[in-house]
Amino acid sequence: MKKLSKESREFLQDLRLYLFSSGKKENEIEDLVGELEDHLCEAEKHGKSVKTITGSTPKEYMDQLANEMPFDYRNVWVYGPMILLGLICYNLLNKAVDGVFTYSLVEVSGDLFITLLGLSLLLVLFKYLASSTISKMKEHLLLYGCSLTPIILFVGLFYLDRAVASPTIHLGTMWRITSVVLACLFLIGIAVWAKTWVSIVIPISLLLPELILNQTGMDGASKSGWSMLLTFLGIALYFFIVFKQEKKKGQSH
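Going by our numbering, the sequence shown opens with residue 168, and the numbers climb by one from there.
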């Protein structure tokens, strides 16, 4: 990114997030952001600000640009099923760690509903954050609230599944092995396709500590505490490494 003021850089970052959350094509977003970056650079050379380009409130300007760009249906059909399948694979592996291979209708339908709701909440929140000027405290509260909502619903689903009788599917030995292998291959495939380790590192960080601690004979409370700590450290370490790498890339340009 060219040498721009902090206000201009933040505006371009917010615009990119807003358009992505609105379902626009990534290459068209980058072309538009690159063009605006040039305009902002020229404007700042003449002592002008972002408002010279937008001419209105940031949200109105972002809405105007979003309305002029076609909706990318391809991303919906590609990323939507991919995210759902990824979560299904994680859920399957999570149960496999506990040696459980039984799935009820309530659980499966509830998982799909909560996942879709969580993704919808994130998209709405990203658009709001990108087009609004709010305090960091409020931003963090909204992010935490959006993140906690699916977790609370999943906990509720866990107890609902126990309280309500529904048809169940029990996987035999062959299907257990096949499903676990396919789930692992799918997550690895996503990592290779997306050129990121996140689809592998996150499940490993969540599942490996529990798998190891299950062999120690610890009591439930101690095992849960250590599992949460190791998971947090694993994910934090991964994002710290990614942050360092991205920072080096930014300094080299």
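We treat Cβ as the ideally placed atom computed from N, Cα and C, and that holds for glycine.
Under the DSSP assignment, Ser346 falls outside any beta strand (DSSP E), being part of the alpha helix (DSSP H) whose first and last residues are 340-361. Within a 10 Å sphere around the beta-carbon of Ala263 sit 16 or more other beta-carbons, which makes this residue buried. Between the C-alpha atoms of Glu177 and Met236 there is a straight-line separation of about 21 Å. Setting aside the 5 residues that flank it on each side, Glu211 is surrounded in the same chain by Leu171, Ser172, Ser175, each with a C-beta closer than 8 Å to its C-beta; the list follows chain order. Phe293 and Leu308 have their alpha carbons spaced roughly 13 Å apart.
As computed with DSSP, Phe238 is found in a beta bridge with Lys191. Judged by DSSP secondary structure, Ser287 falls within the alpha helix (DSSP H) whose first and last residues are 272-298. Ranked by Cα distance from Pro370, the options Met249, Leu232, Gly253 are led by Gly253. The C-beta separation of Leu327 from Val273 comes to about 6 Å, placing the pair in contact by the 8 Å criterion. Annotated three-state conformation of Ile371 is helix, per DSSP. The beta carbon of Tyr405 lies closer than 6 Å to those of Val368 in the same chain, with the five residues before and after it left out.
The beta carbon of Tyr270 sits closer than 7 Å to the beta carbons of Thr335, Ile336 from its chain, once the five residues preceding and following it are set aside; these are given in chain order.
Excluding sequence positions up to five before and after Leu290, its CB lies within less than 8 Å of the CB of Ser188, all in the same chain and listed in chain order. Scanning Phe399, Ala361, Val347 for the CA closest to the CA of Asp265 turns up Val347. Around the Cβ of Ile301, a 10 Å sphere holds fewer than 16 other Cβ atoms; the residue is exposed. DSSP places Thr335 in the uninterrupted beta strand (DSSP E) bounded by 335-337. Between the segment 392-399 and the segment 371-383, the count of C-beta pairs closer than 8 Å reaches three or more; the two stretches touch. Judged by their CB atoms, Met229 and Tyr295 are not nearer to each other than the 8 Å cut-off.
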